[in-house]
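Peer 1:
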Amino acid sequence: MFYQGSLFGTLAPEFDSSFADAARLDLDHTTWVELVPGWLDGADDVFDELVATLPLRQRTGIRMYDQVLDEPRLTAWWRAEQGDPEPLPLLRDMRRVLAERYDEPFDSIGFNLYRDGDDSVAWHGDRHRHVVTNPVIAIVSVGAPRPFRLRPRGGGHSLSWSLGNGDLFVMGGACQHTWEHTVPKVRVTTGPRLSITFRSV
Ligand SMILES: O=C(O)CCC(=O)C(=O)O
279 MFYQGSLFGT LAPEFDSSFA DAARLDLDHT TWVELVPGWL DGADDVFDEL VATLPLRQRT
339 GIRMYDQVLD EPRLTAWWRA EQGDPEPLPL LRDMRRVLAE RYDEPFDSIG FNLYRDGDDS
399 VAWHGDRHRH VVTNPVIAIV SVGAPRPFRL RPRGGGHSLS WSLGNGDLFV MGGACQHTWE
459 HTVPKVRVTT GPRLSITFRS V
């Protein structure tokens, strides 16, 4: 079964609520990831609509270790508790379907825009692991593909995926506790990428 976004006319974006192409990988005995390539069809339209309408901004003066830095990407947030509808009706349907599959409320959506190869996110595990044990994070990537890497916390051999164009990537189990992820800077990109990250806060 496919859910269609209603804002977009006849060739509306749609995602595969049957997760037919899902491939799950156990990274170790407590950590898994799941990739659904091309889960969202019409991802370019979703990218255009979200980039045109979200209040994306660069957070500045962020303390990281002993430095104060500007974040090398633009971000925006939506939280259910604030009472506003999701930025697109399609995201409401996605939340519902993702929540059912992964048994998570996914009451928060974070957006990260990587404008070019200089935008990035450094190695980290999500901080809300300090509040939620084994948080599940579902990431829908729209726009041009970028490498997304995972490595055991503190270093070691990394695994890499190229995520964009409607791919869904989900991290679960102890991933935020015992692994770290990054979207590294790259010399060449084919365009900007927006990640739509579903979390339960
Ligand atoms: O953009 C991505 O795919 C990753 C985003 C991320 O690491 C985060 O929001 O913490």
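Under the numbering used here, think of the first position of the sequence shown as 279, with each following residue one higher. Using N, Cα and C, we set each Cβ at its ideal position, and we do this for glycine too. Note that this is a predicted model, so its numbers are computed, not measured.
On a CA-only basis, which of ASP319, TRP317 and TRP355 is nearest PRO333? Give me that one, please.
Peer 2: Taking only the C-alpha atoms, the option nearest PRO333 is TRP355.
Peer 1: Looking at the structure shown, is GLU382 part of a helix, part of a strand, or coil, going by DSSP?
Peer 2: Three-state DSSP puts GLU382 in coil, outside helix and strand.
Peer 1: Following a CB-centred definition, is GLY388 positioned closer than 8 Å to any heavy atom of ligand 1?
Peer 2: Yes, ligand 1 has a heavy atom inside 8 Å of this Cβ.
Peer 1: What is the DSSP secondary structure of ARG357, counted as helix, strand or coil?
Peer 2: Residue state, collapsed to three classes: strand.
Peer 1: Within 10 Å of its beta-carbon, does GLU382 have 16 or more other beta-carbons around it, so buried, or fewer, so exposed?
Peer 2: Label assigned to GLU382: buried.
Peer 1: Tell me, to the nearest whole angstrom, how far the beta carbon of ARG373 is from that of PHE384; I am working on the premise that it is less than 8 Å.
Peer 2: Indeed, because the Cβ distance is near 5 Å, the residues count as touching under 8 Å.
Peer 1: With DSSP as the reference, identify every bridge partner of TRP439, one or two as the case may be.
Peer 2: DSSP, once it has assigned bridges, lists PHE426 as partnering TRP439.
Peer 1: Who are the near neighbours of PRO430 in its chain, counting only those whose CB is closer than 7 Å to its CB and skipping five residues on each side?
Peer 2: Answer for PRO430: THR456 and TRP457, listed in chain order.
Peer 1: Rounded to the nearest angstrom, what separates GLU349 and THR460 at their Cα positions?
Peer 2: Answer to the nearest angstrom: the Cα atoms are 14 Å apart.
Peer 1: Would DSSP call HIS402 helix, strand or coil?
Peer 2: Strand, per DSSP.
Peer 1: Given a cut-off of 9 Å on the beta-carbon distance, is the pair ALA452 and THR309 in contact?
Peer 2: Against a cut-off of 9 Å, the Cβ pair of THR309 and ALA452 comes out as a contact.
Peer 1: May I ask whether a heavy atom of ligand 1 can be found less than 8 Å away from the beta carbon of ASP381?
Peer 2: Outside the cutoff, so no.
Peer 1: Could you give the DSSP three-state label for MET279: helix, strand or coil?
Peer 2: Any reading at MET279 needs caution, since the residue's pLDDT is 49, under 50, leaving its predicted position unreliable; the model's value is listed next. The answer is coil: DSSP assigns MET279 none of H, G, I, E or B.
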